[in-house]
Amino acid sequence: MHSLRVYSTIMDATTKVSISGAHFTSGTGIALRQAHFSFAQGYRPLNHGSFGAFPKAVADYQRQLQLETEARPDTFLRYTYPKLLQTARTAIAPLLGADMDEVAFIPNATTGVNTVLRNINFKEGHVVVYFNTIYEACLKTLQSVAETAGIQLCSVDLTYPIEDGEILKKFEDTIRSTQAMGKSVKLAMFDTVLTFPGVRFPWEALVKSCKKLGILSFVDGAHGIGHIDLTHLGGLKPDFMISNCYKWLMVPRGCAILYVPFANHHLIRTTFPTSVGYEKPNTREVMKPSDYFVHLFVKVSTTDNTPFLCVPTALKWRHEVCGGEERVRTYCERIAKAGGQRMAEILGTEVLGGSSHSFQQCCFTNVRLPLSIAQLDVQEADGAVIAKWIRGKTAEQYETYITTKFYAGAFWTRISGQVYLSVDDFEFGARTLLELCRRVEAGEWKQG
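Reminder that position 172 of the sequence shown reads as 420 in our numbering, one-by-one numbering, no gaps.
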């Protein structure tokens, strides 16, 4: 009962947070950042997409939960926690257009990827199709599964900019040609929004294609919930989906969801690591599959799961302070687009894809840097080294962190749009990168 009183108190407190200054014009991001977030004075958070950030109201609630855990460990962990966990699942399910019993909380997307891939009964020779834009941890998990299960991996190679229709055609052509060779394509894995370049991926069309071609679909939505609208997910029914909450939904690290539609619950037999929720086959057979799925994830080892419980508080903050999910997404997309264009002007370059591509409909912008391999008279292999040097210097010397990579023969930066940013922050990022590009041209990167 004590923690339920704490929960009620904190939720009441978050409803009283002032919404003044959160009108989401280009001049209010910094004010919101200073009033509601814990960033160091002068720090410019331009890389929300990697580790996210959460407001002080959510941090305060998490701390109250942690204090209550220490005050009455057994009471909280055995009795209060399961009730609050159910409340959190109830709160998050509508954002996915799913039933709460189709959703489980997990620490991060990588845990979800391993949970799904290591539960599937692969047979030697089964083929898993993925795109070369896959996140590195996902690729390495596939490689690990290939090592133990004998599956074959097939990459669909893309280079941006590229139209969604061409992606879909490449995907279906790859599936059909693989099947024509007598091979069994078991599963395809793809993103909602790519990590780099930061672009929206045609995941809905790919889910439909998987159904048409008779293969399992696994959606990596690491950049999903809180970033793009997913309320139609339950209608599309991919076979599996994971999404981080700590990135774009503004809850503490680590928190993610695993979505599995009811029809596939029987495929998830254990968590990773296997824990007390696991039951032997003869016990599982007499349980309702959805009951077993929920039961599995209530307790998976002893760790701090208070981030899961912060979802309702984060959603309330986003509603009360920012005007709700749609308004958050709209602001983040618009500030990313406006900020990216301004950066391109300062750098004298371009935004990836110009202004007409559907892949830009997300909270990232990708801007080319005014550097080239030919201009620097270096080898392509040096591109990654130079990009890494730039990233490091932004953190060491400029009170920020700016993602830069050597991609498709050019140097690019990926900047995240967020409610706590204004165009001024993007201008700062561009000026920082311009200065670092000049330092690269002077050969400073060679000194390490």
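We treat Cβ as the ideally placed atom computed from N, Cα and C, and that holds for glycine. What you are looking at is a predicted structure, and each value in this text was computed from that prediction instead of being measured.
What number of angstroms, rounded off, separates the C-alpha of F541 from the C-alpha of V633?
Counting from one through the sequence shown, the residue named residue 541 turns up at place 293. Counting from one through the sequence shown, the residue named residue 633 turns up at place 385. In a straight line, the C-alpha of F541 is about 45 Å away from that of V633.
What would DSSP say about A470, mapped onto helix, strand or coil?
On the sequence shown, position 222 is the one that residue 470 refers to. Annotated three-state conformation of A470 is coil, per DSSP.
Nearest to P618 (by Cα), restricted to the options T597, Y327 and N369:
Along the sequence shown, one-based indexing puts residue 618 at 370. Checking every option, the nearest Cα to that of P618 belongs to T597.
I410 versus I490: straight-line alpha-carbon distance, rounded
Here the question's residue 410 lines up with position 162 in the sequence shown. Here the question's residue 490 lines up with position 242 in the sequence shown. About 25 Å.
Is the distance from the Cβ of N553 to the Cβ of L401 below 9 Å?
Residue numbering aside, residue 553 sits at position 305 when the sequence shown is read from its first letter. Residue numbering aside, residue 401 sits at position 153 when the sequence shown is read from its first letter. For the 9 Å CB-CB criterion, N553 and L401 do not form a contact.
Drop a sphere of 10 angstroms on the beta-carbon of A352, count the other beta-carbons inside from all chains shown, and report buried for 16 or more, exposed for fewer.
Residue 352 sits at position 104 when you count from the first residue of the sequence shown. Burial is judged here by how many other beta carbons sit within 10 angstroms of a residue's own beta carbon; A352 has at least 16 and is buried.
N-terminal and C-terminal residue of the beta strand (DSSP E) that V377 is part of:
Here residue 377 corresponds to residue number 129 of the sequence shown, with the count starting at 1. V375 to F379 is the span of the beta strand (DSSP E), which, as asked, contains V377.
Beta-carbon proximity list for F419, same chain, < 7 Å, skipping 5 on both sides:
Reading the sequence shown from its first residue, position 171 is the one you call residue 419. Here F419 has V404, L454 and S457 as same chain residues with Cβ atoms under 7 Å from its own Cβ, once five neighbours each way along the sequence are excluded.
Out of I340, S620 and L325, which has the shortest C-alpha to C-alpha gap to K564?
Taking the first residue of the sequence shown as position 1, residue 564 is located at position 316. Checking every option, the nearest Cα to that of K564 belongs to I340.
Mapping DSSP to helix, strand and coil, what is F272?
Indexing the sequence shown from 1 puts residue 272 at position 24. Any answer about F272 is weak, because its pLDDT of 43 lies below 50 and its placement is not dependable; what the coordinates show is given next. Three-state result, F272: coil.
Would you grab the beta carbon distance between K495 and G297 for me? Rounded to a whole angstrom, and I think it's under 8 Å.
Along the sequence shown, one-based indexing puts residue 495 at 247. Along the sequence shown, one-based indexing puts residue 297 at 49. Right, their Cβ atoms sit about 6 Å apart.
Reducing DSSP to helix, strand and coil, say where A690 ends up.
As a working note, residue 690 is residue 442 in the sequence shown. Coil.
Coil, strand or helix - Y329 by DSSP:
Position 81 of the sequence shown, counted from the first residue, corresponds to residue 329. For Y329, the secondary structure class from DSSP, reduced to helix, strand or coil, is helix.
Closest to L435 by C-alpha separation, out of V499, D468, L406 and G525, would be which residue?
As a first step, residue 435 is located in the sequence shown; it is residue number 187 there, counting from the start. For L435, the closest of V499, D468, L406 and G525 by C-alpha to C-alpha distance is D468.
Do the CB positions of V667 and R590 come within less than 9 Å of each other?
Position 419 of the sequence shown, counted from the first residue, corresponds to residue 667. Position 342 of the sequence shown, counted from the first residue, corresponds to residue 590. Going by beta carbons, V667 and R590 fall outside the 9 Å limit.
Using the C-alpha atoms, what's the distance from A319 back to R616?
Counting from 1 along the sequence shown, the entry for residue 616 is found at position 368. Counting from 1 along the sequence shown, the entry for residue 319 is found at position 71. Distance between the alpha carbons of R616 and A319 is about 52 Å.
If you reduce the DSSP assignment to three classes, tell me which class M535 lands in.
What you label residue 535 is simply residue 287 of the sequence shown in a count that begins at 1. The answer is coil: DSSP assigns M535 none of H, G, I, E or B.
With DSSP as the reference, identify every bridge partner of V351, one or two as the case may be.
Mapped onto the sequence shown, residue 351 falls at position 103. Answer by DSSP bridge pairing, in chain order: Y507.
Hey, V433 and I463: beta-carbon distance below 9 Å or not?
Counting from 1 along the sequence shown, the entry for residue 433 is found at position 185. Counting from 1 along the sequence shown, the entry for residue 463 is found at position 215. Yes. Within cutoff.
Using a Cβ-Cβ cut-off of 7 Å (strictly less than) and excluding sequence neighbours within five positions of K388, which residues of its own chain qualify?
As a position in the sequence shown, residue 388 is number 140, starting the count at 1. Closer than 7 Å at the Cβ level, and outside the excluded window around K388, lies no residue.
Within the same chain, show all residues whose beta-carbon is closer than 6 Å to that of D487, passing over the 5 residues directly before and after it, in chain order.
Residue numbering aside, residue 487 sits at position 239 when the sequence shown is read from its first letter. For D487, where only same-chain residues beyond five positions count, the Cβ hits under 6 Å are L464, S465 and N512.
Put T440 into one of helix, strand or coil per three-state DSSP.
For this step, residue 440 is matched to residue 192 along the sequence shown. Coil at T440, not helix or strand.
Compare the C-alpha of E395 against each of Q609, F287, E372 and K417 and name the closest.
By one-based count along the sequence shown, residue 395 stands at place 147. Considering only alpha carbons, the answer is E372.
So, for D630: in the same chain, excluding its five sequence neighbours on each side, which residues have a beta-carbon less than 7 Å away from its beta-carbon?
Start at 1 with the first residue of the sequence shown, and residue 630 comes out as number 382. Hits under 7 Å: none found.
Tell me the start and end of each unbroken alpha helix (DSSP H) in the segment 618-655 that is at least 4 residues and wholly inside, in chain order.
List check, alpha helix (DSSP H) in window: 621-624 and 629-645.
Anyone know if the C-beta pair for P445 and F612 falls short of 9 Å?
Along the sequence shown, read from residue 1 onward, the residue named residue 445 stands at position 197. Along the sequence shown, read from residue 1 onward, the residue named residue 612 stands at position 364. Cβ atoms of P445 and F612: closer than 9 Å.
Please report how far the alpha carbon of S392 lies from the alpha carbon of G360, in whole angstroms.
In the sequence shown, residue 392 corresponds to position 144, counting from 1. In the sequence shown, residue 360 corresponds to position 112, counting from 1. The C-alpha of G360 is placed about 15 Å away from the C-alpha of S392.
Just the C-alpha distance for L416 and T443, rounded to the nearest angstrom, thanks.
The residue labelled residue 416 in the question sits at position 168 within the sequence shown. The residue labelled residue 443 in the question sits at position 195 within the sequence shown. Looking at the two C-alpha atoms, the distance is approximately 19 Å.
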